[in-house]
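Report on the structure given below.
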């Protein structure tokens, strides 16, 4: 009886809540002289507070704006997901520009994920059926194995048992599962995926153009002030007599890798696009992304972009047009690698990506890997989560891995979770790629095959970047990477009923 009552209450609440924010609150309560008077009074109060005490005024404004955003996310899950994508691209920019890096971007992101998930439960969709269908997918089922292994790592004897770092790792993994489920629920039709593609294109292009502005105009004073006040940031960003560009993101590596993967994604879509105007837009925006990737000075990004494009060409090698495209890209690569452009700093950075053991930084990476390999072999479950790098030095000062600087996500996983943890993650990545590749060759619908190609090539590029950077698992990439997996999962379930992919079009 109580379960039936709660079900009726949920249905009633989910139907009335979206209408409450739009119709009841805005049209009935504010669309009159009293509402205008209230809004005018609020504006005057804000103006007075900002003039007398800017901190209090901004805090009050942020509180009201935050409450309004929470209501919107709770009542409109699609808007909430796009807001997560927006924060991933621009959250750190506003934090640095407005609060000198003191805005808790991570906490905001976590809260919005939870609000979106609760909004999805109350949205009136068949939550139980969607969740059951979602968890039955092999990719999602295998995703819970790393989650359970992370729980096992809580009791790793080398980290003195349960602590905040272990709990944070488990919480973040649960958060990624929730984001994937939200994306899986939203992007189940061609219309929704197409809308997401254009939204992603707009955000990625703005991010790329701002990176170009940083290169052509120079860093802005408030950006230089933040860099100069931190010796570690200065050493990281000032390379070869110039600053690496980070655009609206937290660091140049994140900016470069996201631009590289976005350029792969939109380049693939431009190859298949039949509308010449949209194709031109894709190509122009991709050029800005490639420029931004170059200005970031992230050598991993060059290999990421080339690897993603190469995977796409190999994926479609049976098509004559793709073979011609591959030949053109090979010529471009050879010109950049061997052409008379050594005076250009970006080209020198590009060429150093493929020097291998001749590069000094690669020698350091190889030495670090050689040092940690015996430890990995002798510790099947690793040294514990968060025991490497500066975090390890701060939280576990006596640990053997403290101050060991891993040069990529795979080395980090191997050191912290052992060869067992690395094997689990590699199996997960393999299953994701296998699902996309099998789906591509089994699918008969040409439009669905386009999104398969773009998504799988981009995901492969992410996994390639993991070799030397932490490319997956951050705020900047979650709204992109997890959406690609969700699109693949939805395409897989619609093979037998492709008409459902074009519903409402």
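Numbering (this note's numbering), first residue to last: 2 to 506. All residues carry an ideal CB built from backbone N, CA and C; glycine is no exception. No experiment lies behind these values; they were computed from the predicted model shown.
| Check | Outcome |
| --- | --- |
| Suppose you measure from the CA of residue 322 to the CA of residue 351; what does that come to, to the nearest Å? | 27 Å |
| Report yes if the C-beta distance between residue 238 and residue 244 is below 7 Å; otherwise report no. | yes |
| Among 406, 287, 272, which one has its Cα closest to the Cα of residue 325? | 272 |
| Report, in whole angstroms, the separation of the C-beta atoms of residue 102 and residue 234, which I expect to be a contact under 8 Å. | So it is not a contact: roughly 10 Å between Cβ atoms. |
| Beta-carbon within less than 7 Å of residue 421's beta-carbon, same chain only, minus the 5 sequence neighbours each way: which residues are those? | 381, 382 |
| Can at least three beta-carbon pairs, one atom from the stretch 126-142 and one from the stretch 195-208, be found at a separation below 8 Å? | no |
| Apart from the five residues on each side of it in sequence, which residues of its chain come closer than 7 Å, Cβ to Cβ, to residue 305? | 258, 261, 262, 462, 465, 466 |
| Contact defined as beta carbons within less than 8 Å: I believe residue 297 pairs with residue 212. What is the distance between those atoms, to the nearest angstrom? | 7 Å |
| To the nearest angstrom, how far is it from the Cα of residue 241 to the Cα of residue 348? | 13 Å |
| Please classify residue 182 as buried or exposed, where buried requires at least 16 other C-beta atoms within 10 Å of its C-beta. | buried |
| Hey, quick one: how far does the alpha helix (DSSP H) through residue 134 stretch, first residue to last? | 128-136 |
| On the DSSP bridge assignment, give the partners of residue 240 in chain order. | 243 |
| Which class does residue 493 belong to by DSSP, given the choice of helix, strand or coil? | helix |
| Return helix, strand or coil for residue 500, following the three-state DSSP convention. | helix |
| Whose CA, out of 80, 97, 94, lies closest to the CA of residue 121? | 80 |
| For residue 302, which three-state DSSP category applies? | helix |
| Would residue 86 and residue 480 be called neighbours here (beta carbons separated by less than 7 Å)? | yes |
| Would residue 266 pass as a contact of residue 459 if the rule is Cβ separation under 7 Å? | yes |
| With a threshold of 8 Å, are at least 3 pairs of Cβ atoms found where one atom belongs to the stretch 396-405 and the other to the stretch 361-377? | yes |
| Roughly how many angstroms separate the alpha carbons of residue 396 and residue 313, rounded to a whole number? | 42 Å |
| Hey, would you say residue 188 sits closer than 7 Å to residue 489, going by beta carbons? | no |
| What does the Cβ neighbour count give for residue 300, buried or exposed, with the cut at 16 atoms within 10 Å? | buried |
| Please list, in chain order, all residues of the same chain as residue 425 whose beta carbon is under 7 Å from its beta carbon, the five residues on each side excluded. | 146, 147, 150 |
| Any idea if residue 277 is buried or exposed, counting beta-carbon neighbours within 10 angstroms, 16 or more meaning buried? | exposed |
| Could you give the uninterrupted runs of the alpha helix (DSSP H) lying entirely in the stretch 393-453, keeping only those of 4 residues or more? | 410-443 |
| Going by DSSP in three states, residue 215 sits in which element: helix, strand or coil? | helix |
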